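*Asks:* The numbering used here numbers the first residue of the sequence shown as 598 and each following residue consecutively. One structure, as structure tokens, below. Some questions next.
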Amino acid sequence: MSKRKTRSHTQGTGFLIHHGTKPEPNPLVSTGFLPPPETVSQIITEAYSTFLHVQDGRVANYIPSLASTSPHLFGISLADMNGNLYSVGDSTHSFSMQSVSKPFVFALILEIIGAHEAQEKIGVNNTGLPFNSVLALEMQEGRTSNPMVNAGAIATTSLAPGDTAEERWRFIHDGLNHFAGRELTLDHDAYHSESATNQRNRGIAQLLEGYGKIYSNPEEATDNYTKQCSLRVTTEDLAVMGATLADGGLNPLTKQQVVSPETCKRVLAVLASSGLYERSGEWLYNIGLPAKSGVSGGLVTISPGKGGVASFSPPLDSAGSSVRGTLSASFLSERLGLNLFASKPIQ
Ligand code: GLN
């Protein structure tokens with residue numbers, strides 16, 4: 598277990614600092630505090646050792662480059678609002694981000710177009726169907742459904758500003774770098790492998806064009822979407838990216854304001870309802886936090902005002918979410934007191 602203290606004092610979203618006095622609750626937000634650092638370290642280590650030997654799930658193989666990933670890799674990281682980073686296991690192993698990119702690109706676009714236009718153009722309702730469903734697109738009048746399924750995510754990517762495909766890619770890449778607090782590099786294998794086999798996503802983009810629900814050239818939008826999915830991250834990066842959404846858009850390591858608190862609030866609402874695709878209801882019922890999974894085995898869970906929890910373990914359940922990641926998120930939500938719906942009667 599390693600814990601990196603990167604900054605000593607900050608102002609978290611859930612409380613106001615009055616210099617020289619104890620933090621007072623912020624009346625505008627409803628979040629609390631993490632346990633002390635030693636307890637956080639200990640509980641993360643416990644989650645890791647509890648689930649290290651779980652062997653359920655299957656590594657994704659529909660993108661050829663993912664099929665050869667070791668099923669044994671397992672890492673967990675937590676980034677808090679004070680700039681502390683706690684990590685255990687394979688937390689510096691990098692993997693392509695895949696669908697975990699969706700909430701962050703949505704945040705970047707939402708920041709520009711605003712909540713109303715995002716709802717009109719992309720939608721914010723759950724499909725109840727798998728992430729790459731064509732049926733959802735045909736059945737639901739909005740077509741894109743929400744930014745966490747492929748149709749809505751490709752439409753979101755198509756809204757990136759810029760005069761050329763390259764400029765629009767730069768906007769997305771720069772924005773994701775700011776969330777992570779460092780320059781993310783492209784996994785060329787994942788990018789070429791998915792580009793050669795993504796007929797289904799290209800079909801979705803073409804269908805959206807037919808319905809007037811894609812906002813740039815559909816081939817370009819699918820290519821930029823495939824690139825964003827192919828950026829390499831570690832669990833430490835993902836924890837910091839999640840912590841930025843938990844911190845009203847302020848990256849707790851770099852202290853850069855990446856997006857506004859208003860944007861974070863909306864993104865987290867969409868993640869709560871749709872981040873785990875057709876399992877989003879079950880996830881919220883059991884874990885009580887917004888989260889996003891990806892087919893390479895990455896998972897980010899956000900605890901508003903407290904931090905971002907990320908895990909990496911490639912074997913997936915039948916909806917395409919990491920098995921050990923889901924077990925760890927559930928364990929950590931319970932043991933760190935993160936569930937948004939938990940309350941206790943006042944005596
Ligand atoms: N790039 C992948 C796809 O579009 C991402 C899917 C996922 O992570 N669920 O198929």
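Note that beta-carbon positions come from the ideal geometry of N, C-alpha and C, so glycine has one too. Because the structure is a prediction, the values reported are computed rather than measured.
(1) Which class does G904 belong to by DSSP, given the choice of helix, strand or coil?
(2) Pick helix, strand or coil for T618, following the three-state DSSP scheme.
(3) Alpha carbon to alpha carbon, how far is D677 from T618? Give it in angstroms, no decimals.
(4) Can you determine whether any heavy atom of the ligand GLN sits closer than 7 Å to the C-beta of S908, and answer yes or no?
(5) How about I884 and Q825: are their beta carbons less than 8 Å apart?
(6) Does the ligand GLN have a heavy atom nearer than 7 Å to the CB of Q695?
(7) Counting only runs that start and end within the region 849-918, where is the beta strand (DSSP E) found for 3 or more residues in a row?
(8) Within the region 635-689, note down every full beta strand (DSSP E) run reaching 3 residues or more, in order along the chain.
(9) Mind checking whether G894 and L913 have CB atoms under 8 Å apart?
(10) Hey, would you say the C-beta of V892 is under 7 Å away from at least one heavy atom of the ligand GLN?
(11) Taking the DSSP output, what are the residues bridged to S693?
(12) Do P858 and G845 have their beta-carbon atoms positioned less than 8 Å apart in this structure?
(13) Using a Cβ-based criterion (distance less than 7 Å to any ligand heavy atom), does N936 qualify as near the ligand GLN?
(14) Under the assumption that L933 contacts P633 (Cβ atoms under 8 Å), give the Cβ distance between them as a whole number of angstroms.
(15) If I follow the unbroken alpha helix (DSSP H) through N814, where does it start and stop?
(16) Using only alpha-carbon positions, find the residue among V731, Y882, S919, T841 that is nearest to G904.
(17) Leaving out five residues on either side along the sequence, give the residues of the same chain with a beta carbon under 7 Å from the beta carbon of T860.
(18) Short of 7 Å in beta carbon distance, which residues of its chain neighbour P744, apart from the five on each side in sequence? Order them along the chain.
(19) Kindly examine the ligand GLN and report whether one of its heavy atoms sits closer than 7 Å to the Cβ of N747.
(20) Terminal residues of the continuous alpha helix (DSSP H) containing I710?
(21) Are Q716 and T724 closer than 8 Å when you measure CB to CB?
*Replies:* Let's see:
(1) Residue 904 sits at position 307 when you count from the first residue of the sequence shown. G904: strand per DSSP, three-state reduction.
(2) Along the sequence shown, read from residue 1 onward, the residue named residue 618 stands at position 21. Its pLDDT being 41, under 50, T618 is placed unreliably by the model, and the measurement read from it follows with that caveat. Under the three-state reduction of DSSP, T618 is assigned to coil, being neither helix nor strand.
(3) Counting from one through the sequence shown, the residue named residue 618 turns up at place 21. Counting from one through the sequence shown, the residue named residue 677 turns up at place 80. The predicted position of T618 is uncertain, since its pLDDT is 41 and thus under 50; a value taken from the coordinates is nonetheless stated next. Taking the straight line joining both Cα atoms gives about 21 Å.
(4) Within the sequence shown, numbered from 1, the residue matching residue 908 stands at position 311. Answer for S908: no, Cβ out of range of the ligand GLN.
(5) Locating residue 884 in the sequence shown gives position 287, where the first residue counts as 1. Locating residue 825 in the sequence shown gives position 228, where the first residue counts as 1. No, Cβ-Cβ distance for I884 and Q825 is not below 8 Å.
(6) Taking the sequence shown and counting its residues from 1, one reaches residue 695 at position 98. Yes, Cβ of Q695 sits closer than 7 Å to a heavy atom of the ligand GLN.
(7) Secondary structure remark: continuous beta strand (DSSP E) runs of at least 3 residues inside the region 849-918, in chain order: 888-890, 895-900, 904-909.
(8) Taking 3 residues as the shortest admissible run, the region 635-689 contains the following complete beta strand (DSSP E) segments, listed from N- to C-terminal end: 672-677, 681-686.
(9) As a first step, residue 894 must be located in the sequence shown, where it is residue number 297. As a first step, residue 913 must be located in the sequence shown, where it is residue number 316. Cβ atoms of G894 and L913: closer than 8 Å.
(10) Against the sequence shown, residue 892 aligns to sequence position 295. Yes, the beta carbon of V892 sits closer than 7 Å to at least one heavy atom of the ligand GLN.
(11) Taking the first residue of the sequence shown as position 1, residue 693 is located at position 96. DSSP, once it has assigned bridges, lists R829 as partnering S693.
(12) Translated into the one-based positions of the sequence shown, residue 845 becomes position 248. Translated into the one-based positions of the sequence shown, residue 858 becomes position 261. Yes.
(13) Within the sequence shown, numbered from 1, the residue matching residue 936 stands at position 339. N936: no, Cβ never under 7 Å from the ligand GLN.
(14) As a working mapping, residue 933 is identified with position 336 in the sequence shown. As a working mapping, residue 633 is identified with position 36 in the sequence shown. Their Cβ separation, rounded to whole angstroms, is 11 Å, which puts L933 and P633 out of contact at 8 Å.
(15) As a first step, residue 814 must be located in the sequence shown, where it is residue number 217. Here N814 belongs to no alpha helix (DSSP H), and DSSP marks it neither H nor E.
(16) Position 307 of the sequence shown, counting from 1, holds the residue named residue 904. Closest option to G904, judged by alpha-carbon separation, among V731, Y882, S919, T841: T841.
(17) For the purposes of this step, residue 860 is identified with residue 263 of the sequence shown, where counting begins at 1. Apart from the 5 residues on each side of it in sequence, T860 sits with its Cβ closer than 7 Å to the Cβ of A704, L707, E708, G846 in its chain, given in chain order.
(18) Locating residue 744 in the sequence shown gives position 147, where the first residue counts as 1. In its chain, beyond the 5 residues on either side, K699, F703, I719, A750, T753, V867 have a beta carbon closer than 7 Å to the beta carbon of P744.
(19) Here residue 747 corresponds to residue number 150 of the sequence shown, with the count starting at 1. Judged by the Cβ position, N747 qualifies as a neighbour of the ligand GLN at the 7 Å threshold, a heavy atom of the ligand being closer than this.
(20) Counting from one through the sequence shown, the residue named residue 710 turns up at place 113. Start and end: 698-718.
(21) Translated into positions along the sequence shown, residue 716 becomes position 119. Translated into positions along the sequence shown, residue 724 becomes position 127. No Cβ-Cβ contact shorter than 8 Å links Q716 with T724.
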